[in-house]
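Before any comments, here is the structure.
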Amino acid sequence: MGVRSVLGRPGVRWGAAAAAAGAAAWSWWAFDSAPYPYAQHRLLDLPLPLLGQRRLESLLRPQRGERVLEIGPGTGLQSLRTAPRLGPEGRLDVVDVQQEMLDHVMARAAREGVTGIVPTRSDAGALPFPDGAFDAAYLVTALGETPDPGTTLTELRRVVRSGGRVVVGEFFDRHQVRRTALARHANAAGLHVTGLIGPPFAYFARLEPCRSARGHDTPPSEAHIPEAHIPGAHLPTACAPAPKGHRPEVRLAGPHPAVG
Ligand SMILES: C[S@@+](CC[C@H](N)C(=O)[O-])C[C@H]1O[C@@H](n2cnc3c(N)ncnc32)[C@H](O)[C@@H]1O
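So in this note's numbering, spot 231 of the sequence shown is number 297, and the numbers just go up one at a time.
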């Protein structure tokens, strides 16, 4: 019986959550390196408390036929459940800076009969995809590991089409991008926060492209969760209005430091 099916049993869930939090806290001390070392991949199979697939999907809302991008799939915890949501006409591109992680995801997908996953080795700060190639993108505990989260979000804004969405999941480790920093980076990249679930130490945020090219703020989407529901969260959720007559451009990523 697999670890995840055992963890799925109701009586075991809280114990598993405590164990996962303990393991995460331990790895926080033990492996303060980015990217997360493949040698420790077994820890990635433990679902983190409050960062489960249901929460991810409630903000991502994957649809059949869509092309979706995942950055930093690790061992495929989210990929193997998201790809089937896209159906045979859809496609999940997984991008990781470590080839071992991609190989692991693909081997696991083959074993479990999951199709529609396409791996690409790349740094998230310089994505090898054309503008607007994706309907949506997501990263779970990966944004803070990238060398420059602002550049990563700028790249995501570029490769996600207008009207698309980007979902970011972050957990309390040394690399965590806090919610206010995320909102700031997002705004600078031409995205804004339209949904948020979870406490500061384990949250998912949904970002959508600004439509400031027309000089309007993007209205909150249906996914918007009022800040009043999130004690202590004072996030800028609106796009900054564009100066009159200005048609902003999305900056493309420039030279990016290599990841060792
Ligand atoms: C902590 S793991 C998270 C894995 C998975 N999303 C999960 O929740 O189990 C972070 C992942 O991000 C990848 N990563 C780190 N820096 C990256 C970068 N600059 N570009 C692309 N992927 C990166 C790592 O190789 C690793 O697979």
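Quick reminder that beta carbons are idealized off the backbone N, C-alpha and C, glycines included.
Relative to ligand 1, even the nearest heavy atom lies 7 Å or more away from the CB of residue 269.
Note that the C-beta distance between residue 164 and residue 104 is below 8 Å. If you draw a straight line from the Cα of residue 131 to the Cα of residue 151, it comes to about 9 Å. The DSSP assignment places 133-137 as complete runs of the beta strand (DSSP E) inside the segment 109-146, in order along the chain (cut-off: 3 residues). Going by DSSP, residue 207 is part of no alpha helix (DSSP H) at all; its letter is neither H nor E. About 5 Å separates the beta carbons of residue 255 and residue 223, which is inside the 8 Å limit, making them a contact pair. Separation of residue 139 and residue 247 (C-alpha to C-alpha, rounded to the nearest whole angstrom) is 22 Å. Shown here, residue 222 sits in a helix according to DSSP, grouped into three states.
DSSP places residue 251 within a helical segment (H, G or I) once states are collapsed to three. Using a Cβ distance threshold of 8 Å, residue 114 and residue 263 do not count as a contacting pair.
For residue 205, same chain residues with a beta-carbon under 6 Å away, outside a window of 5 residues either side, are 137, 138 and 234 in chain order.
Counting only residues of its own chain and dropping the five nearest sequence neighbours on each side, residue 272 has a CB closer than 6 Å to the CB of 125, 231, 233, 260, 261 and 289. Where residue 173 is concerned, there is no enclosing beta strand (DSSP E), although the alpha helix (DSSP H) around it starts and stops at 165-178.
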